[in-house]
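Line order of the protein sequences matches chains A and B. The first sequence maps to residues 1 to 112 in the numbering used here. The second sequence maps to residues 1 to 113 in the numbering used here. Ideal Cβ placement from N, Cα and C applies to all residues, glycine included. Some notes on the structure that comes next.
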Amino acid sequence: RKEVEQDPGPFNVPEGATVAFNCTYSNSASQSFFWYRQDCRKEPKLLMSVYSSGNEDGRFTAQLNRASQYISLLIRDSKLSDSATYLCVVNPKSDSWGKLQFGAGTQVVVTP
Amino acid sequence: DGGITQSPKYLFRKEGQNVTLSCEQNLNHDAMYWYRQDPGQGLRLIYYSQIVNDFQKGDIAEGYSVSREKKESFPLTVTSAQKNPTAFYLCASSKLASGATQYFGPGTRLTVL
Numbered sequence: 001r002k003e004v005e006q007d008p009g010p011f012n013v014p015e016g017a018t019v020a021f022n023c024t025y026s027n028s029a030s031q032s033f034f035w036y037r038q039d040c041r042k043e044p045k046l047l048m049s050v051y052s053s054g055n056e057d058g059r060f061t062a063q064l065n066r067a068s069q070y071i072s073l074l075i076r077d078s079k080l081s082d083s084a085t086y087l088c089v090v091n092p093k094s095d096s097w098g099k100l101q102f103g104a105g106t107q108v109v110v111t112p
Numbered sequence: 001d002g003g004i005t006q007s008p009k010y011l012f013r014k015e016g017q018n019v020t021l022s023c024e025q026n027l028n029h030d031a032m033y034w035y036r037q038d039p040g041q042g043l044r045l046i047y048y049s050q051i052v053n054d055f056q057k058g059d060i061a062e063g064y065s066v067s068r069e070k071k072e073s074f075p076l077t078v079t080s081a082q083k084n085p086t087a088f089y090l091c092a093s094s095k096l097a098s099g100a101t102q103y104f105g106p107g108t109r110l111t112v113l
């Protein structure tokens with residue numbers, strides 16, 4: 001079983017619609033969670049950290065479900081510029097700086 | 001501008017050659033990392049360094065070597081011992097703290113001919 005698993009997609013989303021997808025992680029002791037965005041042939045860029053209580057940044061909402069060991073990302077009012085691959089990233093340790101674990105990414109394609 | 005730079009952007013190598021990928025950061029970060037990304041896979045850690053003159057193997061260190069002579073620089077050498085070196089290589093840096101955000105350079109795309 002992979003340490004971090006994501007549905008690869010693609011999720012084809014009409015412009016203006018809402019899309020949501022999850023990421024599951026295997027280490028129940030994981031402490032920090034992130035969503036990164038990666039455009040084609042570019043480097044990953046931090047989209048948002050995921051906090052225990054859930055958090056929102058504009059049109060983006062991230063949730064953490066520790067009991068079921070998954071995090072989610074919801075994008076409202078999708079824009080063409082939201083087309084990208086979204087990487088789920090998990091820090092499995094709390095007692096050290098930690099080596100991050102990366103999912104393979106979920107591809108989102110927003111269509112006009 | 002503060003950030004991470006990698007060079008070259010594209011690199012072609014013949015089989016049997018060693019090549020060195022450059023990574024420089026001016027973010028004053030203590031920790032630096034090298035990852036490899038292959039299609040359909042998550043990033044895999046090659047080497048990481050938390051302090052000058054010290055570094056540790058990641059999950060796929062075989063066929064690679066690094067050095068950390070300066071805080072700002074963490075070059076990666078892909079040796080001829082690496083069996084399948086064609087990939088997208090990403091360098092990252094972060095503060096030395098648990099859960100610290102990692103910031104990535106623009107990457108080097110290495111192709112073995």
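Does the Cβ of G107/B have 16 or more other Cβ atoms within 10 Å, making it buried, or fewer, making it exposed? buried
Exposed unless 16 or more other CB atoms sit within 10 angstroms - verdict on P16/A: For clarity, residue 16/A is Gly in the given sequence; the question names Pro instead. With fewer than 16 Cβ atoms within 10 Å of its Cβ, G16/A is classed as exposed.
Ordered along the chain, which non-local residues of its own chain (more than five positions away) have a Cβ less than 7 Å from that of F12/B? T111, L113
Given K14/B as reference, the closest of L96/B, S80/B, F104/B once Cα atoms are compared: S80/B
Based on the DSSP secondary-structure assignment, which residues constitute the bridge partners of P14/A? T111/A
Tell me whether L113/B sits in a helix, a strand or coil according to DSSP, three-state version. coil
Chain A contacts from the region 90-109 of chain B (Cβ-Cβ distance under 8 Å): L90, S94, L96, A97, S98, G99, A100, T101, Q102, Y103, F104, G105, P106, G107, R109
Taking Cβ-Cβ distances shorter than 7 Å, what residues in chain B pair up with P44/A? F104
Counting pairs of Cβ atoms below 8 Å between the region 65-79 of chain B and the region 61-79 of chain A, do you hit three or more? no
DSSP three-state label for S77/A, please. Note on residue identity: the sequence assigns Asp, not Ser, to residue 77/A. Three-state result, D77/A: coil.
Taking only beta carbons into account, state which residues of the region 13-33 of chain A come closer than 8 Å to chain B, listed in chain order. Q31, S32
Cβ neighbours of D59/B in the same chain (closer than 7 Å, five flanking residues each side left out): R44, L45
What is the rounded straight-line gap between the Cα of P10/A and the Cα of N53/B? 43 Å
Straight-line gap, C91/B to Y33/B (C-alpha atoms, nearest Å): 6 Å
Of the residues that make up the region 20-42 of chain B, which ones have a beta carbon closer than 7 Å to any beta carbon in chain A? A31, G40, Q41, G42
contact_flag[the region 27-41 of chain A, the region 16-31 of chain B] where n(CB pairs < 8 Å) is 3 or more: no
Spatial neighbours of A61/B in its chain, beta-carbon cut-off 8 Å, leaving aside the 5 residues before and after: I46, Y47
Counting only beta-carbon separations shorter than 9 Å, does G58/B have a partner in chain A? yes
Does L76/B come within less than 9 Å of chain A when only Cβ atoms are used? no
Would you tell me roughly how many angstroms separate the C-alpha atoms of Q101/A and V13/A, rounded to the nearest one? 27 Å
Could you tell me which residues DSSP puts in a beta bridge with T108/B? Y89/B
How is D38/B classed by DSSP in three states: helix, strand or coil? coil
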